[in-house]
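Numbering-wise, full-length UniProt numbering puts 103 at position 103 of the sequence shown, and it's gapless, one number per residue.
All C-beta atoms, glycine included, are put in the ideal place defined by N, C-alpha and C.
Remember, it's a predicted structure, so these values are computed and weren't measured experimentally.
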Amino acid sequence: MTLSKEDLIEIRTLLSMNCKPQKIYEFRIENEFRGARDWKRTTIFDACKKIQAQQGSVERKQGSGRRRTVRTEENIDRVARLLQSLPRIPGTHLSARKVARGKGISRSSVRRIAKEHGLKVIKKTKVHRIPKPKRPRETNEARRGSHQGSLGRVGYRDDQKMVARASPKIGRSSQA
Numbered sequence: 001m002t003l004s005k006e007d008l009i010e011i012r013t014l015l016s017m018n019c020k021p022q023k024i025y026e027f028r029i030e031n032e033f034r035g036a037r038d039w040k041r042t043t044i045f046d047a048c049k050k051i052q053a054q055q056g057s058v059e060r061k062q063g064s065g066r067r068r069t070v071r072t073e074e075n076i077d078r079v080a081r082l083l084q085s086l087p088r089i090p091g092t093h094l095s096a097r098k099v100a101r102g103k104g105i106s107r108s109s110v111r112r113i114a115k116e117h118g119l120k121v122i123k124k125t126k127v128h129r130i131p132k133p134k135r136p137r138e139t140n141e142a143r144r145g146s147h148q149g150s151l152g153r154v155g156y157r158d159d160q161k162m163v164a165r166a167s168p169k170i171g172r173s174s175q176a
């Protein structure tokens with residue numbers, strides 16, 4: 001369990017009053033005013049060692065976190081560029097695994113960089129290519145429209161009005 005800064009200050013105060021770590025542990029368990037804590041004995045012993053090693057300082061030691069050597073500006077720009085497709089050529093981006101393998105960066109770092117830039121890292125999947133038709137497909141409406149024009153009404157003009165004549169119909173009854 002990690003100790004808060006207030007807890008470390010309290011342990012430092014008790015150490016300055018010449019209390020041993022065991023006594024601090026017992027004091028913390030019995031102290032009802034501060035509330036019973038579920039501290040482990042080794043947690044208090046380690047905190048006492050840390051405070052004594054730092055000459056009473058409870059501040060975090062500089063540079064004691066995870067190293068960030070991968071996160072250079074050059075690597076960040078390169079990863080962001082490889083994770084995106086070119087503007088007019090879709091599907092040219094690389095997967096996160098290929099970027100990590102090619103640049104020698106861990107996959108988790110690639111994902112972190114992508115998240116910071118607002119990119120989504122998803123698995124690339126192969127899809128079938130839809131061929132372009134050689135000629136436009138004819139629809140039923142187009143077929144009906146082309147036949148309707150040829151079977152329209154036939155007529156002639158007589159004194160400013162149209163006289164319609166029925167077009168000849170070929171049916172089964174007339175064929176037999």
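Among Pro136, Glu116, Pro133 and Gln84, which one has its Cα closest to the Cα of Lys124? That would be Gln84, whose Cα lies nearest to the Cα of Lys124.
Determine the extent of the alpha helix (DSSP H) in which Arg12 is found, giving its start and end residues. Its alpha helix (DSSP H) spans residues Lys5 to Ser16.
Would you kindly work out how many angstroms separate the C-alpha atoms of Leu151 and Asn140, rounded to a whole number? Any reading at Leu151 is ruled out, since the residue's pLDDT is 49, under 50, leaving its predicted position unreliable.
Where Cys48 and Leu94 are concerned, what is the direct C-alpha to C-alpha distance, given to the nearest angstrom? Computed Cα separation, rounded: 50 Å.
Which whole-angstrom value describes the C-beta separation of Ile44 and Ala80, a residue pair presumed to lie in contact below a C-beta threshold of 8 Å? Wrong, their Cβ atoms sit about 46 Å apart, outside the cutoff.
If you draw a straight line from the C-alpha of Ile9 to the C-alpha of Val58, how long is it? Their backbone Cα atoms lie some 7 Å apart in a straight line.
Does the beta-carbon distance from Ile24 to Ile51 come in below 8 Å? No. Outside cutoff.
Excluding the five sequence neighbours on either side, which residues of its own chain have a C-beta within less than 7 Å of the C-beta of Gly56, listed in chain order? Here the set comprises Arg12.
Bridge-paired residues (DSSP) for Leu86: According to DSSP, Leu86 bridges with Ile89.
In three-state terms, what does DSSP make of Gly104? Taken through DSSP and simplified to helix, strand or coil, Gly104 comes out as coil.
Pull up the distance between the alpha-carbon of Val70 and that of Thr2, whole angstroms please. Looking at the two C-alpha atoms, the distance is approximately 28 Å.
Would you give the residue range spanned by the alpha helix (DSSP H) that Cys48 belongs to? Unbroken alpha helix (DSSP H) run through Cys48: Arg41 to Ala53.
Arg97 versus Leu14: straight-line alpha-carbon distance, rounded: For Arg97 and Leu14, the distance between alpha carbons rounds to 52 Å.
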